[in-house]
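In what follows, a single structure is set out as structure tokens and then discussed.
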Amino acid sequence: MRLNSVKGTGLSTISVLLLACSFIFFACAPEEDPLIIGIVGDQFGAYDTEEALDIMEKGVAMLENHQPQILLHVGDMVESVRDVDSYEDYKAVFNRAAGIMEKTDLPWLVAIGDHDVVPPGYQPLSKDRSRENWFLSLSQETSLPIDSLPYYSFTLNGYHFISLYSMENLHTDPRWGSIFLNQITDKQLAWLKKDLETHSSAKAIMVLVHHPHWYVWSNWSRVHDVLKKYNVKAVLAGHYHYDQDDGEIDGIRYLVMGATGGAVKTSDAHSGGTHMVGLMKLTPRGLEDIRLLDVPGDTLLELTPRRSMDRIQALSCMLDNLYQDAQFIHTPTEIPEKAIVRLASLANPIDVPIQLSIDTQPRDFEQIRWLNHPDTTPPITLAPGERIGWANYSNTGQWFTPAPLWEGTTSKIYFEKKGSIPVTIRVSFSDTRTRCIQKTIDFTSD
Numbered sequence: 174m175r176l177n178s179v180k181g182t183g184l185s186t187i188s189v190l191l192l193a194c195s196f197i198f199f200a201c202a203p204e205e206d207p208l209i210i211g212i213v214g215d216q217f218g219a220y221d222t223e224e225a226l227d228i229m230e231k232g233v234a235m236l237e238n239h240q241p242q243i244l245l246h247v248g249d250m251v252e253s254v255r256d257v258d259s260y261e262d263y264k265a266v267f268n269r270a271a272g273i274m275e276k277t278d279l280p281w282l283v284a285i286g287d288h289d290v291v292p293p294g295y296q297p298l299s300k301d302r303s304r305e306n307w308f309l310s311l312s313q314e315t316s317l318p319i320d321s322l323p324y325y326s327f328t329l330n331g332y333h334f335i336s337l338y339s340m341e342n343l344h345t346d347p348r349w350g351s352i353f354l355n356q357i358t359d360k361q362l363a364w365l366k367k368d369l370e371t372h373s374s375a376k377a378i379m380v381l382v383h384h385p386h387w388y389v390w391s392n393w394s395r396v397h398d399v400l401k402k403y404n405v406k407a408v409l410a411g412h413y414h415y416d417q418d419d420g421e422i423d424g425i426r427y428l429v430m431g432a433t434g435g436a437v438k439t440s441d442a443h444s445g446g447t448h449m450v451g452l453m454k455l456t457p458r459g460l461e462d463i464r465l466l467d468v469p470g471d472t473l474l475e476l477t478p479r480r481s482m483d484r485i486q487a488l489s490c491m492l493d494n495l496y497q498d499a500q501f502i503h504t505p506t507e508i509p510e511k512a513i514v515r516l517a518s519l520a521n522p523i524d525v526p527i528q529l530s531i532d533t534q535p536r537d538f539e540q541i542r543w544l545n546h547p548d549t550t551p552p553i554t555l556a557p558g559e560r561i562g563w564a565n566y567s568n569t570g571q572w573f574t575p576a577p578l579w580e581g582t583t584s585k586i587y588f589e590k591k592g593s594i595p596v597t598i599r600v601s602f603s604d605t606r607t608r609c610i611q612k613t614i615d616f617t618s619d
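Numbering (the numbering used here), first residue to last: 174 to 619.
Structure, rendered in structure tokens:
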């Protein structure tokens with residue numbers, strides 16, 4: 174900037190000098206030193222351990238290509254029950270998973286999850302801490318900064334990370350069952366306050382936790398009230414196996430990471446239907462440039478809004494209710510050689526219209542039809558709330574048994590010979606984009 178252009182504003186000589194000095198200061202000030210973070214999602218639950226860990230390995234390799242400075246794992250890195258009958262079984266899975274993280278030579282942290290520590294048998298508040306002890310013991314053989322407690326912290330380049338433990342009360346969950354038991358205990362909260370005070374001068378603080386405790390805000394509110402007093406910029410969780418952007422509360426960004434090997438929904442890739450890893454930049458201002466990468470396709474994914482994922486979750490629960498229809502098989506007295514299967518649990522629990530379509534295999538049915546839309550070419554549309562008796566954010570159901578919505582007619586001999594007939598139900602809707610989710614049920618002959 175030329176001095177005579179400043180002089181034209183009527184500034185004094187001293188003001189001009191001060192302004193010039195400020196330009197020199199900002200021009201010479203060092204740029205912010207952001208931290209590039211790689212995020213790895215859940216591996217378990219999964220139906221195939223080797224496949225889950227292969228996906229994890231591919232995802233970590235993808236992250237390495239983007240040169241992060243630290244890796245964060247949101248938990249469920251190990252399977253503690255399924256196909257695990259001994260410590261040696263557990264150790265083999267732990268070593269394989271931890272080895273994938275270790276070979277990057279990057280510092281890494283993990284928020285210990287339910288599949289890492291839960292013992293066999295469903296028992297809320299279980300006293301069996303065997304798997305928890307196994308995880309903590311095996312962690313000593315890695316570079317993880319874990320000591321005797323399952324919660325800990327770590328500082329890198331002036332940025333502070335806190336890993337909280339969401340499974341102090343074993344076999345609890347923020348979405349179903351004994352939800353009010355799924356929370357941070359007084360002991361851990363006291364540790365958190367002390368750690369935050371000790372690192373209050375950090376450039377920025379990020380919290381890692383496996384369960385998104387804020388799904389039940391009364392479980393999380395006292396933790397949030399502590400976090401907001403300090404320079405906490407983000408809280409990152411996993412567990413749901415789908416990504417979710419819960420937005421910012423009191424300057425703290427709440428995010429959920431999808432799975433990197435764990436079972437995913439049968440939905441479109443942008444609505445939880447794929448395996449992913451994440452990249453983000455942490456600066457003193459907060460999280461910036463958040464990106465999700467599709468592991469199978471190596472493409473960018475949308476960071477899904479909370480409202481959209483709540484809709485997907487409600488539809489997923491509605492489709493799960495179709496197990497009730499799998500025995501809905503009728504043999505008409507007037508045509509005993511035929512078998513009719515029906516769907517009655519289809520409904521719309523969300524606030525926007527949904528479209529329903531049915532896919533069947535060739536020759537399985539002689540006739541299929543929508544019972545209340547006999548002249549309609551599929552898909553059909555259900556209005557918000559249609560056929561729903563009650564609903565909440567974790568499940569859907571009926572006060573009454575609604576009339577069947579769809580039926581298929583087949584030969585009874587064919588049905589008995591084949592044994593089972595699969596029917597796939599696809600649900601789609603539009604909000605920020607077109608989304609879909611589907612489920613296949615098998616009608617089985619007696």
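Cβ atoms here follow ideal geometry from the backbone N, Cα and C, with glycine treated the same way.
It should be emphasised that the depicted structure is a prediction, and the values quoted were computed from it without experimental measurement.
(message) My output table needs one value for D359: the three-state DSSP class, helix, strand or coil.
(response) helix
(message) Suppose you measure from the CA of M250 to the CA of A442; what does that come to, to the nearest Å?
(response) 22 Å
(request) Starting from the N-terminal side, write out each stretch of the beta strand (DSSP E) that is 3 residues or longer and does not extend beyond the segment 405 to 444. (result) 405 to 410, 417 to 422 and 425 to 429
(message) I need the boundaries of the beta strand (DSSP E) containing S603, first residue and last residue.
(response) S593 to S603
(request) Determine the direct distance from the alpha carbon of G451 to that of I378, and round the result to whole angstroms. (result) 18 Å
(message) For a quick check, are the C-beta atoms of D532 and R484 less than 8 Å apart?
(response) no
(request) To the nearest angstrom, report how far apart G435 and K585 are at their CA atoms. (result) 39 Å
(message) Taking only three categories from DSSP, how would you classify S321?
(response) coil
(message) Using only the alpha-carbon positions, how far apart do A270 and L226 sit?
(response) 7 Å
(message) Can you give me the C-alpha to C-alpha distance between M340 and P207, rounded to a whole angstrom?
(response) 31 Å
(request) State the DSSP-derived secondary structure class of L176, mapped to helix, strand or coil. (result) Its pLDDT being 28, under 50, L176 is placed unreliably by the model, and nothing is read from it.
(message) Whole angstroms are fine: how far does the CA of I508 sit from the CA of V254?
(response) 49 Å
(message) Taking the beta strand (DSSP E) that D467 belongs to, which residues open and close that run?
(response) G459 to D467
(message) Nearest by alpha-carbon distance to D419: which of R479, F353 and Y295 is it?
(response) R479
(message) So, for P577: in the same chain, excluding its five sequence neighbours on each side, which residues have a beta-carbon less than 6 Å away from its beta-carbon?
(response) R515, A517 and L544
(request) Measure the C-alpha to C-alpha separation of S601 and P551 and round it to an integer number of angstroms. (result) 12 Å
(message) Is the separation between the beta-carbon of K438 and that of G445 shorter than 8 Å?
(response) yes
(message) Taking 8 Å as the limit between beta carbons, can you name the residues of its chain near R608, skipping five residues before and five after?
(response) S440, D441, H443, S444, S481, R484, I485, S601 and F602
(request) Out of H448, G459 and A487, point me to the one whose CA is closest to D471's CA. (result) H448
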